[in-house]
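Colleague:
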Amino acid sequence: MSQPFARYLHPFDVAHHPSLEPEVKRAILASWASDRHAVENHPAMRQPPELKAPVSVDDVFAALRSLDGPDSQPTLQ
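Sequential numbering from -8 applies to the sequence shown in this note's numbering.
(1) Applying the criterion that 16 or more other CB atoms from any shown protein chain within 10 Å of the CB defines a buried residue, is Lys43 buried or exposed?
(2) Which residues in the same chain have their Cβ closer than 6 Å to the Cβ of His8, if we skip the five residues on either side of it in sequence?
(3) Which whole runs of the beta strand (DSSP E) in the region 8 to 48 are 3 residues long or more, in chain order?
(4) Short of 8 Å in beta carbon distance, which residues of its chain neighbour Arg37, apart from the five on each side in sequence? Order them along the chain.
(5) Can you give me the start and stop residues for the alpha helix (DSSP H) that Asp4 sits inside?
(6) According to DSSP, simplified to helix, strand and coil, what is Leu58?
(7) Short of 6 Å in beta carbon distance, which residues of its chain neighbour Pro39, apart from the five on each side in sequence? Order them along the chain.
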């Protein structure tokens, strides 16, 4: 992954980036979702060192799901 992360301000910036391969997008977002980036006393937030502000882990997961397309959303039984 030679792309500089600092250009991304939000998980959807990664998900919608036109020149990144899907595998690279997934790797970046999976890294951001990692507990190692959890904000102390705010477990639902992530602060990767590449970002200037924390982001919601829900936003990271939503960006990951968006890579699968609209037909891949889980259905409730």
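No residue lacks a Cβ here, since even glycine has one placed at the ideal position from N, Cα and C.
Modeller: Taking the definition as stated:
(1) Reading the sequence shown from its first residue, position 52 is the one you call residue 43. Burial call: exposed.
(2) Translated into the one-based positions of the sequence shown, residue 8 becomes position 17. Excluding sequence neighbours, His8 sits near nothing in its chain.
(3) The region 8 to 48 contains these whole beta strand (DSSP E) runs: 33 to 37.
(4) As a working note, residue 37 is residue 46 in the sequence shown. Leaving aside the five residues that flank Arg37 on each side, the residues in its chain whose CB is nearer than 8 Å to its CB run, in chain order, Trp23, Ala24, Ser25, His28, Ala29, Val30, Pro45, Val46, Ser47, Val48, Val51.
(5) Position 13 of the sequence shown, counting from 1, holds the residue named residue 4. Here the alpha helix (DSSP H) through Asp4 covers 2 to 6.
(6) To locate residue 58, count along the sequence shown from 1; it is residue 67. Leu58: coil per DSSP, three-state reduction.
(7) Working through the sequence shown from its first residue, we reach residue 39 at position 48. Result list for Pro39: Trp23, His28, in chain order.
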